[in-house]
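Asks: Shown below is the structure under consideration.
2 protein chains.
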Amino acid sequence: MVGIDDVARAAGVSTATVSRALSGRGAVSTATRDRVLSAAGRLGYVVSAAASSLATGRTRAVGVVVPFLDRWFFSTVLAGISDALVRRGYDITLYSVSADAAERRRVFDDHLRRRRIDAVITIALELDAEESVSLRGLGVPIVAIAGPHPLLTTLTVDDLAVGRLATAHLLGLGHRRLAHIGADAVTDAASSVPTLRRRGFEDSLAEAGITQYDVEPADFTIDGGSRAAARLLARDDRPTALFAASDEMAIGAILAARELGLRVPDDVSIIGVDGHELGRWFGLTTVDQFARGQGERAAEAVLSALDGAQPAPGRGTLPFELVDRGSTAAPHD
Amino acid sequence: MVGIDDVARAAGVSTATVSRALSGRGAVSTATRDRVLSAAGRLGYVVSAAASSLATGRTRAVGVVVPFLDRWFFSTVLAGISDALVRRGYDITLYSVSADAAERRRVFDDHLRRRRIDAVITIALELDAEESVSLRGLGVPIVAIAGPHPLLTTLTVDDLAVGRLATAHLLGLGHRRLAHIGADAVTDAASSVPTLRRRGFEDSLAEAGITQYDVEPADFTIDGGSRAAARLLARDDRPTALFAASDEMAIGAILAARELGLRVPDDVSIIGVDGHELGRWFGLTTVDQFARGQGERAAEAVLSALDGAQPAPGRGTLPFELVDRGSTAAPHD
DNA sequence: CTGTTAGCGCGTTCAC
DNA sequence: GTGAACGCGCTAACAG
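Protein chains in written order, with the working numbering: chain F, 326 to 658; chain H, 326 to 658.
Put into structure tokens, the structure is as follows:
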């Protein structure tokens, strides 16, 4: 295992010079730098992360904390983060936190505190107060994507506006009997993403003078969306339009409608949120939130924080856009 | 930032004793251990990964190398790995390698060699000889899931058998005009997963005395599967059954069939491989390979290697199973 | 521009 | 069962 002194010997310089030549910190003459680089290359020297980090306090790694790995939104954002960080030579350390309280504590109180990372990115993580404090206590830059917590630098789409946009689209087509599939009023936090989307829905309806509507809670999976839609569409006065708070649920709703023999959009209009690649195949109209781009933006934000930039105060705003693929239309009756 | 000597002082012992008490290595009296543990807890002490790793040579992290993050199979396997590793207190360091040669070299020659990880898991990674040697040179346990390289301990389903199973299922239903969607004969390595599945298909047909069949290369996405199926099904003597080497492609094939006005399975039978959750919604018959379980198995394999067990020689075999959901049936004519 | 030196924070001998 | 002291491999400060 070749170390810095092997390189120093091979290049005929001191270890300090090797360190300077390789890290680029500190002045080294071009000639010696070349000697060092070639010696290092020849010997296949790579600095030890542990030793370097012990000496500098930096790790060249960013922690990414996610609640799920195997859902489209999360893995897509993660891919975006990874792209941007790899380009800059950072490693990603992945922390997947489940709902299990003991395991969550272990991640926040132990794993994340091992000084293994220079910064943290969270993806749509709903933190309790303790966890939020624990994160801040790390003393490293933190960027939260779509996390509702006010103590953190947050990068998020305006989910209230997303909800309003989707709803306005349906109202604009002439729908008056609408329903929403998404947040659970009981379990979801008031400032959570699902709740904001639902509130956007409700606010728009209120402004349109519509007070009758249904909200079915669902778990953001195809399966959950399908079951929720089945309940809504089985009624006598079934809604003519559904707004699902995610594309996966919207796709479930389309599938449920089909099973009930309903045509989309002739019998029922359906709109989602996300920009899931699968949406194309279902002709799903949606509010795209450019998940991959969110990851890249977050990565760039932590990188610039690591470069010494001041964190943008408050929340950065991420783009979203209505994509009409045909699953919505004017109601028939 | 509380260090080991803070704990030592608070507990009235030396740092050596704190280290022993917390790591469990070395004998400590119950009384002093309790004092140390309580002091550590009170102060919120967590060992520094860098310092500990520099002193011990161990990092309590496992590197996971993937070619894609945002595809179902990979994120699902990753979730399984994460589950199993978190339970044992290991962190995951994620390395996503694209096809870009320079970037790949950086990952293999720099990132992975920073001594940041105690072991490596690769997921369906096709390594060239140099990369494989580079991995072995790390001197840490390596477990490859579905990687074709013979130099590594590999955990894989018998993809030849998977191909045969799917094909036998179609043959058993009476199909004689079959086509395969999957490996590209030109670009895919002979021992790659896609190629093995295709060979299983071809071998089965040969045994059944069938020499006429089509193979359409596709890129394992819904889109690619759809286009490949469209080409196959547009022909006059179109096949009565399609075997797609992944569920995503099989779903694409189902969608393409629908667009051509063909009924599945009445007009064309379709079978996939994977056990993708979406398959349920399309009534897709498939060979499930239990992706999440593969991740767990791989994690357990590296953990036992880290515990000192000898790596199982050769290849571990992962389970697979035919799941009939109705997208295959006897041919009509 | 380069070398010397003193840690970074911890684990582990080796005495006691 | 416990403590003192050294070293893991590297970087930063200081001299020169």
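Even for Gly, the Cβ is constructed at its ideal location relative to N, Cα and C.
1. By the criterion of Cβ-Cβ separation under 9 Å, what are the contact partners of F/V319 in chain H?
2. Could you tell me which chain H residues have their CB closer than 8 Å to the CB of F/T418, listed as they occur along the chain?
3. Please confirm if H/R663 has its CB atom under 7 Å from at least one CB of chain F.
4. Under 8 Å by Cβ, that's how I've got F/Q614 and F/V511 pegged, so tell me the actual separation to the nearest angstrom.
5. Does chain F have any CB closer than 7 Å to the CB of H/L496?
6. Could you name each continuous alpha helix (DSSP H) segment of 4 residues or more that falls completely within the stretch 545–579 of chain H, going from the start of the chain to the end?
7. To which residues of the same chain is H/A578 closer than 6 Å at the C-beta, ignoring the five residues directly before and after it?
8. What distance in whole Å lies between the Cβ atoms of F/L463 and F/S421, which are believed to be in contact at a cut-off of 8 Å?
9. H/I442 and H/V371 - do their beta-carbons sit closer together than 7 Å?
10. Should F/T381 go down as buried or exposed, given a rule of 16 or more other Cβ atoms within 10 Å for buried?
11. State the CB to CB distance for the pair F/S516 and F/A508, rounded to an integer number of angstroms; the pair is presumed to be in contact (CB under 8 Å).
12. Could you spell out where the alpha helix (DSSP H) holding H/A628 opens and where it closes?
13. Less than 7 Å separating the beta-carbons of F/L362 and H/I417?
14. Hey, is H/L609's beta-carbon within less than 7 Å of any beta-carbon in chain F?
15. Given a threshold of 16 other Cβ atoms within 10 Å of its Cβ, counted over all protein chains shown, does H/T642 qualify as buried or as exposed?
16. In whole angstroms, what is the alpha-carbon distance linking F/P473 and F/P392?
17. Against F/H436, what residues of chain H qualify as contacts under a CB-to-CB distance less than 7 Å, listed in chain order?
18. Mind listing the chain F neighbours of H/I506? Cutoff is C-beta to C-beta under 8 Å, in chain order.
19. Residues bridged to F/H505 by DSSP?
20. Give the C-beta separation of H/S529 and H/R489 to the nearest angstrom, bearing in mind that I take them to be a contact with Cβ-Cβ under 8 Å.
21. Ends of the beta strand (DSSP E) at H/G597?
22. Applying the 10 Å Cβ sphere with the 16-neighbour rule, what's the burial state of F/H657?
23. For the stretch 330–346 of chain F, enumerate the residues whose C-beta is nearer than 7 Å to any C-beta of chain H, in chain order.
24. Tell me whether F/T642 counts as near the ligand NAD, meaning its Cβ is closer than 6 Å to at least one heavy atom of that ligand.
25. Determine the contact status of H/V612 and H/V598, defining contact as a CB-CB distance below 7 Å.
26. Only counting the same chain, and skipping five residues up and downstream in sequence, which positions put a Cβ closer than 8 Å to that of F/G525?
27. For a cutoff of 7 Å on Cβ pairs, would you count F/L368 as touching chain H?
28. Give a yes or no on whether 7 Å exceeds the smallest Cβ distance from F/R413 to chain H.
Replies: Taking the definition as stated:
1. Absent from the model: residue 319 of chain F. The displayed extent of chain F is 326 to 658, so no value can be given.
2. A386, D416, I417, T418 and L419
3. This structure gives no information on residue 663 of chain H, because the portion of chain H shown stretches from 326 to 658.
4. Between F/V511 and F/Q614 the Cβ distance is about 25 Å, and since that is not below 8 Å, they are no contact.
5. no
6. 547–558
7. G550, A554, L567, A569 and I595
8. Not confirmed; about 18 Å, so no contact.
9. no
10. Here F/T381 is exposed. Its C-beta has fewer than 16 other C-beta atoms within 10 Å.
11. Contact doesn't hold; Cβ gap of about 11 Å is too wide.
12. Inspection of the sequence shows that residue 628 of chain H is occupied by Leu rather than by Ala. A616 to L631 is the extent of the alpha helix (DSSP H) around H/L628.
13. no
14. no
15. exposed
16. 14 Å
17. D416
18. Correct list: empty, because the minimum Cβ distance to chain F is about 16 Å.
19. F/V540 and F/F568
20. 5 Å
21. Counting along the chain, H/G597 sits inside the beta strand (DSSP E) bounded by residues S594 to D599.
22. exposed
23. none
24. Judged by which ligands are present, the structure shown has none, so any question about the ligand NAD falls away.
25. yes
26. D484, L485, A486, V487, G488, R489, L490, A491 and T492
27. no
28. no
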